[in-house]
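Under the numbering used here, the first residue of the sequence shown carries the number 91, and numbering increases by one thereafter.
See structure below.
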Amino acid sequence: MFLRVVMILKENETLTKVNDDISLIQNKNGLTFGTDALLLAAFIRKQSRSTAAEFGGGSGIISLLCAKRKKFNKIYCVEIQAEYFDIIGRNVELNNLSEYIEPVCTDVRDLNIEADVVFTNPPYLKLNSGIKNQHDDKYIARHEVYGDIESFCKTAAKILKFGGLFYIVYRPDRMVDLLLAMRHNNIEPKRMVIVYNDVNHIPCLILVEGKKGSAPSLFVPKPFYINDMEYIYTHGEFPESFLIKNL
Numbered sequence: 091m092f093l094r095v096v097m098i099l100k101e102n103e104t105l106t107k108v109n110d111d112i113s114l115i116q117n118k119n120g121l122t123f124g125t126d127a128l129l130l131a132a133f134i135r136k137q138s139r140s141t142a143a144e145f146g147g148g149s150g151i152i153s154l155l156c157a158k159r160k161k162f163n164k165i166y167c168v169e170i171q172a173e174y175f176d177i178i179g180r181n182v183e184l185n186n187l188s189e190y191i192e193p194v195c196t197d198v199r200d201l202n203i204e205a206d207v208v209f210t211n212p213p214y215l216k217l218n219s220g221i222k223n224q225h226d227d228k229y230i231a232r233h234e235v236y237g238d239i240e241s242f243c244k245t246a247a248k249i250l251k252f253g254g255l256f257y258i259v260y261r262p263d264r265m266v267d268l269l270l271a272m273r274h275n276n277i278e279p280k281r282m283v284i285v286y287n288d289v290n291h292i293p294c295l296i297l298v299e300g301k302k303g304s305a306p307s308l309f310v311p312k313p314f315y316i317n318d319m320e321y322i323y324t325h326g327e328f329p330e331s332f333l334i335k336n337l
């Protein structure tokens, strides 16, 4: 199978074996599989009878990880860029996960489905900020070209059932923008894990879980250090100490 897939890889694509025995087709010029995807997939709670939607699927890795771990009954993996929508479809087929994942090519702001859960690793840079990437697909993945954090939270609130859960990995310097956007759209932040490379550095990521229509109450466990990723690699979940007992 590996040789067959290599033969159908397109220019600038690679095939990589990643966690959970997933074979992942990636665009070498785009944003590739990283720690943020692993952390978000581990942060998401298992709700095996539920329907979920991923906003901005990229290669589809987070949806693939969730499907492999049977976290949901159905996942709509939403991606606006046709090239990456095609990659998601091939990754789903390659890993025999068509029963669980349905790729959708649309702007998330136009999405009209119902879901129990939404999860996302969204663009985190404002338009015209930072250095413009040579490849437009990477610029779109990193910058708020097709919706800012407010519009992502607005769409999540629109499609989530009451009591539905929202998961996101984001940058610490935009924490206030995220939390305000969530609350403004009736998604109350309930759990936040702050991620550090090590004790000598400032935070590099935040993971936030929110609940639609919930009362205010935010649980912030101890910091998580990248040095402790071995637990994530082994279990595909965060330790119990990072979970809320009754959400």
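Think of the CB as a built atom: it goes at the ideal place given N, C-alpha and C, for glycine as much as any other residue.
All values derive from a computational prediction rather than experimental measurement.
Where the alpha helix (DSSP H) containing residue i begins and where it ends
i	result
arginine 199	It is not in any alpha helix (DSSP H) - arginine 199 carries neither H nor E in the DSSP assignment.
valine 208	That residue, valine 208, is in no alpha helix (DSSP H); its beta strand (DSSP E) goes 205 to 210.
threonine 125	125 to 133
asparagine 276	Run containing asparagine 276: none; DSSP gives neither H nor E here.
asparagine 181	172 to 184
threonine 324	319 to 325
Proximal residues to residue i (C-beta, below 6 Å), its chain only, five neighbours per side dropped
i	result
leucine 268	Ile239 and Tyr260
valine 194	Tyr166 and Val168
Buried/exposed call for residue i, threshold 16 Cβ in 10 Å
i	result
threonine 106	exposed
isoleucine 292	exposed
proline 213	buried
tyrosine 174	buried
asparagine 181	buried
serine 138	exposed
glutamate 299	buried
isoleucine 98	exposed
serine 149	buried
Bridge partners - residue i, DSSP secondary structure assignment
i	result
serine 153	DSSP, once it has assigned bridges, lists no residue as partnering serine 153.
methionine 282	Val298
isoleucine 112	Val108
glutamate 192	Tyr166
asparagine 117	Glu103
Residue range of the beta strand (DSSP E) that includes residue i
i	result
leucine 250	250 to 260
isoleucine 165	164 to 168
glutamate 101	Element bounds for glutamate 101: n/a, residue is neither H nor E.
glutamate 144	141 to 145
Sequence-distant residues of its chain with Cβ nearer than 7 Å to residue i (five each side left out)
i	result
serine 153	Glu144, Gly147, Ile165, Cys167 and Ile191
isoleucine 134	Cys156, Lys161, Phe209 and Tyr257
lysine 335	none
threonine 196	Val168 and Ile170
tyrosine 321	Pro329
Other residues of its chain near residue i: CB distance less than 8 Å, five sequence neighbours each side excluded
i	result
arginine 264	Tyr214 and Ile239
valine 108	Leu114, Phe123 and Ile151
aspartate 126	Asn211, Val259 and Leu295
glycine 254	Ala205, Asp206, Val207, Val208, Lys301 and Lys302
beta-carbon residue i near the ligand SAM non-hydrogen atom, thresh 6 Å
i	result
aspartate 263	Within the structure as shown, the ligand SAM is missing, as the structure has no ligands at all.
Inset, instruction - Kindly confirm or deny that the stretch 104 to 120 and the stretch 137 to 145 touch, where touching means at least three C-beta pairs closer than 8 Å. - result: The stretch 104 to 120, when compared against the stretch 137 to 145, does not touch it at the 8 Å Cβ threshold.
Inset, instruction - Say whether the stretch 199 to 213 touches the stretch 243 to 255, bearing in mind that this needs 3 or more beta-carbon pairs closer than 8 Å, one atom from each stretch. - result: Yes: at least three Cβ pairs fall under 8 Å.
Inset, instruction - Count the C-beta pairs between the stretch 302 to 320 and the stretch 271 to 287 that are closer than 8 Å, then say yes if the count reaches three, no if not. - result: Output reads yes: the stretch 271 to 287 touches the stretch 302 to 320.
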